[in-house]
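Participant:
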Amino acid sequence: MITAIGQDIKQAVGVLKGGGLVAIPTETVYGLAANAFDPEAVLRIFQVKERPAFDPLIVHVRDRSQVDKVAYMTPWAGELIERFWPGPLTLVLPKRTEIPDIVTSGLNTVGVRMPAHPMTQGLLQAAGTPLAAPSANPFGYVSPTTARHVEDQLGGKIPYILDGGPCTVGVESTIIGEEDGRIVLYRAGGVAVEAIEAVLGPVNAATRKVMPAAPGMLESHYAPRKPLLVGDVAELLHVHRAKRCAVIAFDRRYDAWRCETLSANGDLTEAARKLFAVIRDLDAGDADLIIAERFPEHGLGRAINDRLRRAAVKRRSW
Ligand code: TXA
Ligand code: MG
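Counting in this note's numbering, the sequence shown runs from 1 upward without gaps.
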């Protein structure tokens, strides 16, 4: 299959109407989209990503009113939508039966979000249907933040990539839901948890696991091929002094074989925007090992630390 890259919303709609997949730009990361009401098209997402069937997808909607086609609203969801949509926030809500089970991996809830990227908003308008879309990377790998990243990994497997430029947030959406009447966090992401707590009060850790535990595999996510270690950089550089070490640092420089400082003026939003592209770049380079600093555990730092921790989980192939 030849993969076209462009900005033609009509072409993208044509692909989606025919049951095909389109990679779409969002403010967080690029997504791999299908018509959320077409189970065969959604199955193709799982096949192309080699994603296990028990990992549910997020449904992207045009506006608040389209949520009613997909899910049942709750008062807390209304408050968050008011404050944060369009934007990097996914709400886990009771699912309507019209949404095929393959989208939610059989769960009775569905993740819904309204993306802020104008090109994808145009696509959602023109397509007239919600789009199921996970991040547009092979399962377990770092999410793409440019059309080129998508092409590098899914080129030849999908017909069309909508190129909306580099993603401005750079980490996936924050995912919020409700368990036994409590507001819970399923994933730290592009909206700081503190900002959500300012609206709803304390947010709890989720107790229910979305995906079944499979040791050594599912925790390992957002992972480069090269080993990645997180911790005290100076100490790790010393331990691995015989190797070519590439460092991912927040706002300072380390004297290493290579060092990428994500934000010289200490801006966590800028650091999040750059994180995945830097991981990809270092993974493609000549280093033996990637060493990352721990970021401040507030604001977008929580999402950055979460992705680094998962990227650092050892896989069996190492
Ligand atoms: O920013 C984003 O959220 C991006 C862009 C493309 O929108 N999408 C994204 O999708 O990151 P994905 O598939 O890589 O991550 C979706 C995650 C699932 O792995 C799961 O953890 C959570 O969303 N999720 C989806 N449905 C859920 C549900 N019903 N309950 C709890 N978690 C759910
Ligand atoms: Mg993903």
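We put the CB at the ideal spot given by N, CA and C, even for glycine. Nothing here was measured: the structure is a model prediction, and the numbers come from that model.
1) What are the boundary residues of the beta strand (DSSP E) that glycine 292 is part of?
2) Taking buried to mean at least 16 other C-beta atoms within 10 Å of its own C-beta, is alanine 198 buried or exposed?
3) Determine, using beta carbons only, whether isoleucine 24 and threonine 120 come nearer to each other than 9 Å.
4) Cβ of asparagine 305 within 8 Å of any heavy atom in the ligand MG?
5) Does any residue of chain C have a CB that is nearer than 9 Å to the CB of phenylalanine 37?
6) Suppose you measure from the CA of valine 233 to the CA of histidine 298; what does that come to, to the nearest Å?
7) Does the ligand TXA have even one heavy atom less than 8 Å from the beta-carbon of tyrosine 160?
8) Is the beta carbon of asparagine 137 within less than 8 Å of some heavy atom of the ligand MG?
9) Quick check on the burial criterion: 16 or more other C-beta atoms within 10 angstroms. Buried or exposed for arginine 113?
10) Do you know whose CA, among Gly155, Tyr30, Ala192, Arg310, lies nearest proline 134's CA?
11) Roughly how many angstroms separate the alpha carbons of glutamate 270 and phenylalanine 276, rounded to a whole number?
12) Starting from threonine 120, trace the alpha helix (DSSP H) in both directions and tell me its first and last residue.
13) Could you pull out every residue in the same chain whose Cβ sits closer than 6 Å to the Cβ of arginine 64, ignoring the five residues on either side in sequence?
14) Distance check for proline 100 and alanine 322, CA to CA, integer angstroms please.
15) Residues in the same chain with beta-carbon distance under 7 Å from leucine 287, minus the five sequence neighbours each way, listed in chain order, please.
16) Which residue wins for smallest C-alpha separation from threonine 129, given the options Leu262, Asp283, Gly19, Ser263?
17) Give the secondary structure of glycine 301 by DSSP, where H, G and I count as helix, E and B as strand, and everything else as coil.
18) Hey, could you find the ends of the beta strand (DSSP E) isoleucine 5 is sitting in?
19) Is serine 173 near the ligand MG, going by C-beta to nearest heavy atom under 8 Å?
20) Could you give the DSSP three-state label for alanine 256: helix, strand or coil?
21) Please return the same chain residues whose Cβ sits closer than 8 Å to the Cβ of methionine 73, not counting the five positions on each side in sequence.
22) Using only the alpha-carbon positions, how far apart do histidine 149 and valine 193 sit?
23) On the premise that aspartate 152 lies in contact with serine 105, defined as a C-beta separation below 8 Å, what is that separation, rounded to the nearest angstrom?
24) Opposite tyrosine 160 in the DSSP bridges: which residues?
25) Between the alpha carbons of leucine 312 and leucine 236, how many angstroms are there, rounded?
26) How big is the Cα-Cα spacing for glutamate 293 and phenylalanine 250?
27) Closer than 8 Å: is that where the CB of glycine 134 sits relative to any heavy atom of the ligand MG?
28) Going by DSSP, what residue range makes up the alpha helix (DSSP H) through alanine 136?
29) Tell me the DSSP bridge mates of alanine 71?
30) Do you know offhand how far isoleucine 161's Cα is from valine 239's?
31) Classify asparagine 62 as buried or exposed, calling it buried when 16 or more other Cβ atoms lie within 10 Å of its own Cβ.
32) In chain order, what residues of the same chain have a beta carbon less than 7 Å from the beta carbon of asparagine 305, not counting five sequence neighbours either side?
Facilitator: Taking the definition as stated:
1) Within the sequence shown, the letter at position 292 stands for residue 292. First, the residue type needs correcting, since residue 292 is alanine and not glycine in the sequence shown. 289–292 is the extent of the beta strand (DSSP E) around alanine 292.
2) Taking the sequence shown and counting its residues from 1, one reaches residue 198 at position 198. Per the 10 Å Cβ criterion, exposed.
3) For the purposes of this step, residue 24 is taken as residue 24 along the sequence shown, with counting starting at 1. For the purposes of this step, residue 120 is taken as residue 120 along the sequence shown, with counting starting at 1. Cβ atoms of isoleucine 24 and threonine 120: closer than 9 Å.
4) The residue labelled residue 305 in the question sits at position 305 within the sequence shown. Answer for asparagine 305: no, Cβ out of range of the ligand MG.
5) This model lacks chain C altogether; it includes just one protein chain.
6) Against the sequence shown, residue 233 aligns to sequence position 233. Against the sequence shown, residue 298 aligns to sequence position 298. Straight-line Cα distance between these residues: approximately 20 Å.
7) Residue numbering aside, residue 160 sits at position 160 when the sequence shown is read from its first letter. Every heavy atom of the ligand TXA is 8 Å or more from the Cβ of tyrosine 160, so no.
8) In the sequence shown, the residue the question calls residue 137 occupies position 137. For the ligand MG, at least one heavy atom lies less than 8 Å from the Cβ of asparagine 137.
9) Start at 1 with the first residue of the sequence shown, and residue 113 comes out as number 113. Arginine 113 is buried by the Cβ-count criterion.
10) Indexing the sequence shown from 1 puts residue 134 at position 134. Answer by Cα proximity: Tyr30.
11) The residue given as residue 270 occupies position 270 in the sequence shown. The residue given as residue 276 occupies position 276 in the sequence shown. Looking at the two C-alpha atoms, the distance is approximately 12 Å.
12) Taking the first residue of the sequence shown as position 1, residue 120 is located at position 120. Start and end: 118–127.
13) If you number the sequence shown from 1, residue 64 lands on position 64. Closer than 6 Å at the Cβ level, and outside the excluded window around arginine 64, lie Ile81.
14) Missing from the structure shown is residue 322; the chain here goes from 1 to 318 and no further.
15) Taking the sequence shown and counting its residues from 1, one reaches residue 287 at position 287. Note that residue 287 corresponds to alanine in the displayed sequence, not to leucine. Answer for alanine 287: Lys226, Arg244, Cys245, Ala246, Trp257, Arg258, listed in chain order.
16) Translated into the one-based positions of the sequence shown, residue 129 becomes position 129. When each option's Cα is compared against that of threonine 129, the closest is Gly19.
17) As a working mapping, residue 301 is identified with position 301 in the sequence shown. DSSP places glycine 301 in helix when its eight states are reduced to three.
18) The count along the sequence shown starts at 1 and reaches residue 5 at position 5. 4–6 is the span of the beta strand (DSSP E), which, as asked, contains isoleucine 5.
19) The sequence position of residue 173 within the sequence shown is 173, counting from 1. No, Cβ of serine 173 sits at least 8 Å from all heavy atoms of the ligand MG.
20) In the sequence shown, the residue the question calls residue 256 occupies position 256. It is coil, neither helix nor strand.
21) Residue 73 sits at position 73 when you count from the first residue of the sequence shown. Answer for methionine 73: Val67, Leu93, listed in chain order.
22) Here residue 149 refers to the residue found at position 149 of the sequence shown. Here residue 193 refers to the residue found at position 193 of the sequence shown. Their backbone Cα atoms lie some 28 Å apart in a straight line.
23) The count along the sequence shown starts at 1 and reaches residue 105 at position 105. The count along the sequence shown starts at 1 and reaches residue 152 at position 152. Actually they do not touch by this definition, with Cβ atoms about 27 Å apart.
24) By 1-based counting over the sequence shown, the position of residue 160 is 160. Partner(s): Ala4, Val22.
25) Residue mapping note: residue 312 aligns to position 312 of the sequence shown, counting from 1. Residue mapping note: residue 236 aligns to position 236 of the sequence shown, counting from 1. Here residue 312 turns out to be alanine, not leucine, going by the sequence shown. Cα to Cα, the separation comes out at about 14 Å.
26) Locating residue 293 in the sequence shown gives position 293, counting from the first residue. Locating residue 250 in the sequence shown gives position 250, counting from the first residue. Taking the straight line from one Cα to the other gives about 7 Å.
27) Numbered from 1 along the sequence shown, position 134 holds the residue referred to as residue 134. Note that residue 134 corresponds to proline in the displayed sequence, not to glycine. Proline 134: yes, Cβ under 8 Å from the ligand MG.
28) Within the sequence shown, residue 136 is the residue found at index 136, counting from 1. Per DSSP, alanine 136 belongs to no alpha helix (DSSP H) and is neither H nor E.
29) Translated into positions along the sequence shown, residue 71 becomes position 71. DSSP, once it has assigned bridges, lists Lys95 as partnering alanine 71.
30) For this step, residue 161 is matched to residue 161 along the sequence shown. For this step, residue 239 is matched to residue 239 along the sequence shown. For isoleucine 161 and valine 239, the distance between alpha carbons rounds to 43 Å.
31) Start at 1 with the first residue of the sequence shown, and residue 62 comes out as number 62. Contrary to the premise, residue 62 reads as arginine rather than asparagine in this sequence. By the neighbour-count rule (16 or more Cβ atoms within 10 Å), arginine 62 is buried.
32) Numbered from its first residue, the sequence shown carries residue 305 at position 305. Arg294, Phe295, Glu297, listed in sequence order.
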